[in-house]
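**Q** Numbering (the numbering used here), first residue to last: 789 to 920. By construction, the Cβ of each residue, glycine as well, lies at the ideal position given by its N, Cα and C atoms. Computed from a predicted model, the values in this text were never measured in an experiment. Before anything else, here's the structure in question.
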């Protein structure tokens, strides 16, 4: 995994966090649990956490989110980049899915995403791209 790529990913995530705050999707003063990807560099994990807000708990990257699901600890409002995690939690708990696409329209061209929507696993209204 290349550091330059990780830096770029972190930049996109930070831009999206700022956008979500501006839109009121992430409320000021919200308590946030941030689960980074295991391959993210610690510097980028810290950069992202700082942009989330003051009340953020960073889960160690080495702990899989599935651990919390097995323990019965499922957050009510999940905002995240699409991953298999989105298939393991009730769709009602998913507030905002960021698909690796420019925008919603581009994301909706992905056959896998269309299949997930058609099988009622993800709600189309909760799917966004990086620039939405």
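Skipping 5 residues on each side, what residues in its chain have a beta carbon closer than 8 Å to that of residue 820?
**A** Within the chain shown, numbered from 1, the residue matching residue 820 stands at position 32. Only 814, 840, 841, 843, 844, 845 meet the Cβ criterion.
**Q** Where does residue 845 sit, in a helix, a strand or coil, going by DSSP?
**A** By 1-based counting over the chain shown, the position of residue 845 is 57. Looking at residue 845 - three-state DSSP - the assignment turns out to be strand.
**Q** Counting C-beta neighbours from all protein chains within 10 Å, is the total for residue 906 16 or more, i.e. buried, or is it exposed?
**A** Mapped onto the chain shown, residue 906 falls at position 118. By the neighbour-count rule (16 or more Cβ atoms within 10 Å), residue 906 is not buried but exposed.
**Q** On the DSSP bridge list, what partners appear for residue 916?
**A** Within the chain shown, numbered from 1, the residue matching residue 916 stands at position 128. Residue pairing for residue 916: DSSP places it in a beta bridge opposite 886.
**Q** Suppose contacts are defined by Cβ-Cβ distances below 7 Å. Is residue 861 in contact with residue 881 by that definition?
**A** Locating residue 861 in the chain shown gives position 73, counting from the first residue. Locating residue 881 in the chain shown gives position 93, counting from the first residue. Not in contact: residue 861 and residue 881 (Cβ atoms no closer than 7 Å).
**Q** With residue 833 and residue 824 assumed to form a contact (beta carbons below 8 Å), what rounded beta-carbon distance in angstroms separates them?
**A** Mapped onto the chain shown, residue 833 falls at position 45. Mapped onto the chain shown, residue 824 falls at position 36. Between residue 824 and residue 833 the Cβ distance is about 4 Å, and since that is below 8 Å, they are a contact.
**Q** Start and end of the alpha helix (DSSP H) containing residue 870?
**A** Taking the chain shown and counting its residues from 1, one reaches residue 870 at position 82. Unbroken run through residue 870: none, as it is neither H nor E.
**Q** Under the three-state reduction of DSSP, which class applies to residue 820: helix, strand or coil?
**A** Indexing the chain shown from 1 puts residue 820 at position 32. In this structure, residue 820 counts as strand in the three-state DSSP scheme.
**Q** Is it buried or exposed, residue 886, if we count other Cβ atoms within 10 angstroms and call 16 or more buried?
**A** Reading the chain shown from its first residue, position 98 is the one you call residue 886. With 16 or more Cβ atoms within 10 Å of its Cβ, residue 886 is classed as buried.
**Q** Compare the beta carbon distance of residue 894 and residue 917 with 7 Å and say whether it is the shorter of the two.
**A** As a first step, residue 894 is located in the chain shown; it is residue number 106 there, counting from the start. As a first step, residue 917 is located in the chain shown; it is residue number 129 there, counting from the start. Yes. Within cutoff.
**Q** Which residues in the same chain have their Cβ closer than 7 Å to the Cβ of residue 866, if we skip the five residues on either side of it in sequence?
**A** On the chain shown, position 78 is the one that residue 866 refers to. If we look at residue 866 and ignore the five residues flanking it on each side, its Cβ neighbours are 877, 881, 882, 883.
**Q** Determine the DSSP secondary structure at residue 812, reduced to helix, strand or coil.
**A** For the purposes of this step, residue 812 is taken as residue 24 along the chain shown, with counting starting at 1. It is coil, neither helix nor strand.
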